[in-house]
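Protein chains in written order, with the working numbering: chain A, 1 to 478; chain B, 479 to 956.
Working notes for the structure below.
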């Protein structure tokens with residue numbers, strides 16, 4: 001017994017999988033968006049031990065459909081409005097077939113020149129699409145969490161006098177406490193990055209936000225000043241373009257000015273919101289980023305790219321390289337001084353060939369096509385917000401700069417506690433119905449519904465269905 | 479302009495891609511294993527700016543074939559013998575089509591019960607296949623580099639009295655210097671993990687190896703003792719089953735005993751070598767791992783799984799969870815106390831649905847089928863080693879416990895410096911020939927050729943071709 005499955009099996013089962021994919025994308029309404037599975041259901045349906053003998057791939061695909069799919073929460077469903085709505089798309093799916101086939105590790109230029117150079121080209125295309133000037137270095141990672149961790153590591157290495165690369169941080173009485181600033185509405189990934197790097201949760205300073213959930217530059221300046229007095233060392237600030245709870249936009253220009261003055265590395269988290277800068281009339285969301293040190297945007301969020309594809313842009317990539325580059329003998333190559341070896345810019349040695357899907361998606365849709373789709377998502381979100389605004393007993397909970405609407409059911413003569421309970425009940429009822437899915441946050445400590453639009457197949461009817469289901473659930477709950 | 483590409487385009491271009499994949503896998507000899515591209519060639523062949531209008535997917539696929547493929551170094555080629563030889567396989571490729579279509583983020587149980595539970599099941603199947611006892615928790619990551627970084631973070635968190643999660647490591651005079659031990663032949667990922675965590679390169683203690691490149695337990699014990707005397711705190715040791723240069727196997731049982739005595743977290747890096755434990759007669763390579771705290775093996779290395787799929791096993795997952803768990807309001811779910819939410823065990827929030835391909839591959843090949851294929855790779859490597867041993871002017875440079883052969887051309891009356899030059903010349907000549915690809919390392923500071931076998935489509939004829947090309951190149955070089 002040796003070798004791979006046969007060509008016939010590849011073609012036959014590959015075509016069967018394609019047919020399934022086509023039906024799946026065409027008839028999402030046949031699937032409840034939120035899986036109806038209960039904890040343990042899927043495990044119970046699967047054998048506890050692996051088979052000794054190989055099984056026909058057709059059987060495995062049948063079990064995929066029967067056993068696995070019912071346990072899937074359908075992120076790629078046009079009525080998935082939770083978290084940030086994302087989607088993969090036909091060119092992205094086909095790109096992933098090819099990526100899996102080539103099975104390239106995009107680590108050294110030599111270990112695939114095309115993977116490296118296409119990553120340079122595709123991230124540079126993206127840079128242009130976002131309206132960023134020249135002089136940014138692009139690298140893809142798996143997630144914004146990783147991009148941000150790398151940016152924070154670069155911020156730390158931007159102080160070479162601390163000698164953290166060589167000597168580490170522990171047991172060095174001469175080192176000051178290192179501080180990172182972000183808003184109280186920033187994503188948890190900033191804290192996770194700080195955890196990993198050994199900066200410590202209590203050294204992630206949560207700067208106050210204004211009434212529209214945007215970081216207050218005066219509060220940032222004051223926090224930095226307090227830390228300076230206390231002998232702590234401010235090393236990085238993370239501003240967000242499109243926070244997770246409300247998609248608020250921190251005032252990057254004012255923050256950048258403070259960071260420049262204070263010599264603090266400014267990283268901009270545009271994981272969700274950044275890609276809207278592809279749409280000319282939304283280019284302003286990246287105002288001030290030209291003065292930042294790094295920026296992350298996620299094509300796998302709002303640019304129809306199958307997960308994973310996060311893009312990290314750096315002004316001074318050499319700082320990140322200094323933080324992570326290690327070239328053991330078995331990875332030495334003759335051309336290493338004349339090429340980019342992406343392994344030098346992060347923790348991972350092996351790296352997926354993500355540039356292929358990014359390139360295929362940009363080409364298949366074109367920059368105008370991508371912008372049109374995203375513009376439509378914003379239009380739909382604003383329309384939904386209008387419906388909320390126009391309906392008594394409902395209220396918006398935050399501005400709607402992008403395609404995320406924060407709102408709640410707020411019938412008169414109910415306490416905030418009652419409203420919390422009602423909205424939580426409404427959310428679960430709607431999600432359990434299976435037609436649409438949405439998630440929540442808390443704003444001013446109040447339970448808030450979130451409807452996020454971003455799937456390439458989302459149409460007005462899906463948004464209208466969400467609104468109908470929400471009102472039905474509210475009527476039942478009240 | 480809205481929506482995804484049409485069903486027809488998906489089917490038509492998906493089938494075209496499948497046909498290309500089938501030909502690619504069937505006729506690898508049509509592609510030079512090492513790309514002949516020169517630095518800058520691919521960039522020069524691509525437009526400097528993205529297209530405004532979408533282009534037919536057929537055109538993009540044509541350009542993939544014409545422009546990108548010539549720049550690919552063919553990791554999935556049966557005559558790719560460099561680094562550690564890897565491969566994807568038909569069930570893995572089809573799994574990735576489905577993964578890209580579902581586009582699930584395997585972060586919370588709720589955001590896809592099947593992704594979470596299949597990850598539990600597939601990693602538990604893998605645990606059984608490796609002959610590990612019960613009581614291990616499995617999680618997939620993208621790379622062994624990340625798995626090891628997480629293991630080291632857990633080792634740090636295993637000392638809660640240090641309060642590193644909350645307070646960090648810098649500016650705390652009361653903290654001791656933290657030390658990590660590994661052998662001088664360990665992979666660079668251990669140092670990268672230590673860099674990221676702020677432990678510092680100089681605190682990764684490179685323990686001496688014996689004549690067969692295995693960590694010396696006495697040297698480990700002595701290094702720990704020296705650090706204790708100096709007031710440094712040993713926190714982790716990384717032992718390797720299958721080092722990168724030679725695939726040597728550290729004596730895990732003796733190392734585990736020292737680690738237990740010294741209360742040092744033992745992480746075993748079996749990224750390449752660990753999966754051979756699937757073959758019953760090689761199960762011994764994981765002897766002693768039952769006394770370790772964590773283990774990484776990479777199905778994307780020697781188990782025919784498309785990159786990425788690394789599996790991290792932990793005895794005390796709660797320690798890793800304590801290191802990284804953060805649950806902001808928008809990720810709170812009702813069932814969070816009764817399920818595994820994999821986002822709690824690492825830096826990344828979004829996670830690929832890697833379990834699907836792992837499960838499909840185990841089922842399609844069966845544990846016996848996987849073992850048979852890996853056993854054959856070991857047989858081929860030993861046969862190649864026999865050829866080297868039996869040929870004057872050539873010599874083995876290290877034992878061959880697995881499927882990696884370290885060797886060199888060593889004609890009589892040549893100095894070591896001459897031999898270095900000759901072998902480097904041979905390697906480049908062979909690689910530039912395009913029929914086979916291999917890489918190198920240095921052993922005892924001497925340039926050493928490495929031939930690694932691990933591709934599912936590698937047959938004896940490919941190995942024989944490598945040997946013939948090496949001898950031809952040696953004859954020309956001499």
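Ideal placement from N, C-alpha and C gives every residue a C-beta, glycine not left out.
Computed from a predicted model, the values in this text were never measured in an experiment.
The beta-bridge partner set that DSSP reports for residue 823 of chain B is empty. Chain A places a beta carbon closer than 8 Å to that of residue 487 of chain B, counting this residue as a contact. Residue contact check for residue 724 of chain B against chain A: no CB pair falls below 8 Å. Between residue 260 of chain A and residue 179 of chain A, the C-beta spacing is not below 8 Å. Taking 8 Å as the threshold, the shortest C-beta distance from residue 111 of chain A to chain B falls below it. Linking residue 411 of chain A to residue 87 of chain A through their CA atoms gives a straight-line distance of about 34 Å.
Shown here for residue 715 of chain B: same chain residues with a beta carbon closer than 6 Å to its own, the five before and five after excluded, namely 659, 737, 742, 744 in chain order. Sorting B:895, B:771, B:548, B:853 by C-alpha distance to the C-alpha of residue 734 of chain B places B:771 at the top. Annotation for residue 441 of chain A: no alpha helix (DSSP H) segment contains it, though the beta strand (DSSP E) segment containing it runs 439-443.
With respect to the 8 Å criterion, residue 295 of chain A and residue 273 of chain A are not classified as neighbours on the basis of their beta carbons. In the structure shown, the three-state DSSP call for residue 234 of chain A is strand. Shown in chain order are the members of the region 538-555 of chain B whose Cβ falls below 9 Å from a Cβ of chain A: 538, 539, 541, 542, 545, 546, 547, 548, 549, 550, 551, 552, 553, 554.
Residue 630 of chain B and residue 672 of chain B do touch by the CB rule: their CB atoms are close to 7 Å apart, below 8 Å. With contacts defined by Cβ atoms closer than 8 Å, residue 198 of chain A and residue 844 of chain B do not form a contacting pair. Of A:57, A:423, A:271, A:450, the smallest CA-CA separation from residue 148 of chain A is found for A:271. The beta-carbon distance between residue 763 of chain B and residue 719 of chain B, rounded to whole angstroms, is 5 Å. This is short enough to meet the 8 Å contact definition.
When A:73, A:409, A:146, A:330 are compared, the shortest CA-CA separation from residue 474 of chain A is found for A:409. The secondary-structure analysis by DSSP pairs residue 727 of chain B across a beta bridge with B:719. C-alpha of residue 423 of chain A to C-alpha of residue 810 of chain B: approximately 15 Å in a straight line. The DSSP-derived three-state label of residue 141 of chain A is strand. For residue 693 of chain B, the nearest beta carbon of chain A is not closer than 8 Å to its own beta carbon.
Nearest Cα to residue 728 of chain B within the set B:904, B:542, B:767: B:767. Under the Cβ criterion (8 Å, minimum of three pairs), the region 311-326 of chain A does not count as touching the region 169-178 of chain A.
Under the 8 Å criterion on CB atoms, residue 291 of chain A is classed as non-interfacial with respect to chain B.
In this model, residue 545 of chain B and residue 523 of chain B are separated by some 7 Å (Cα to Cα).
Residue contact with chain A for residue 920 of chain B: present (Cβ-Cβ distance below 8 Å to some residue of chain A). Of all residues in the region 601-621 of chain B, the ones placed with a Cβ closer than 7 Å to any Cβ belonging to chain A are 603, 606, 607, 620, 621, in chain order. Residue-level contact by beta carbon fails for residue 684 of chain B and chain A, as no gap is shorter than 8 Å.
Two segments are said to touch when three or more pairs of C-beta atoms, one from each, lie closer than 8 Å; by this definition the region 38-58 of chain A touches the region 828-845 of chain B. Proximity of chain B to residue 121 of chain A at the Cβ level (cut-off 7 Å) is accounted for by 521, 524, in chain order.
Burial check for residue 76 of chain A: the Cβ neighbour count within 10 Å reaches 16 or more, so the residue is buried. Annotation: Cβ neighbours of residue 198 of chain A in chain B (cutoff 8 Å, chain order): 634, 642, 646, 647, 648, 675, 676, 677. Leaving aside the five residues that flank residue 934 of chain B on each side, the residues in its chain whose CB is nearer than 7 Å to its CB run, in chain order, 565, 567, 782, 851. If the five residues before and after residue 354 of chain A are omitted, its C-beta is found closer than 6 Å to the C-beta atoms of 140, 309, all from its own chain and listed in chain order.
Between residue 785 of chain B and chain A, the shortest Cβ-Cβ separation is below 8 Å. In the same chain as residue 777 of chain B, and ignoring 5 residues on each side of it, the C-beta atoms closer than 8 Å to its own belong to 604, 753, 783, 787, 788, 789, 836, 839, in chain order.
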